[in-house]
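Per my numbering, residue 4 is the first one in the sequence shown, and the count goes up by one each step.
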Amino acid sequence: MTVPVRRAQAELFCLCQQPYHADTAMVSCDACEEWFHLRCVGLSQAAAKSLRKYTCPVCASLRVRLFNLKPHG
Ligand SMILES: [Zn+2]
Ligand SMILES: [Zn+2]
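Here it is in structure tokens:
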């Protein structure tokens, strides 16, 4: 068994690049499947619960960019 290239000791999530905290609610992006702290993306827990799909700010801006770059038709 080979040891993989050194990885970060704790997996980091979100825009803030912080590890998971048990007391911080998170939401997963439907596009990139990354996890984000609700407060970092400006969502309340109630809002997050009512969402069926969540798209993070990163993917949202990428989509907008792609859409704008792509010639229509
Ligand atoms: Zn965060
Ligand atoms: Zn995303």
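Glycine included, every Cβ here is placed at the ideal spot set by N, Cα and C. Please read all numbers here as calculations on a predicted model, not as lab measurements.
C-alpha distance - residue i paired with residue j, whole-angstrom precision
| i | j | result |
| --- | --- | --- |
| Met29 | Arg68 | 26 Å |
| Lys52 | Thr58 | 14 Å |
| His40 | Ala13 | 16 Å |
Counted within 10 angstroms of its Cβ, other Cβ atoms place residue i as buried (16 or more) or exposed
| i | result |
| --- | --- |
| Cys19 | exposed |
| Phe70 | exposed |
| Leu46 | buried |
DSSP beta-bridge partners of residue i
| i | result |
| --- | --- |
| His40 | Met29 |
| Phe16 | Gln21 |
Residue i and residue j closer than 7 Å at C-beta
| i | j | result |
| --- | --- | --- |
| Ala34 | Cys17 | no |
Check: residue i C-beta below 6 Å from any heavy atom of ligand 3
| i | result |
| --- | --- |
| Ala50 | This structure lacks ligand 3; the ligands present are ligand 1 and ligand 2. |
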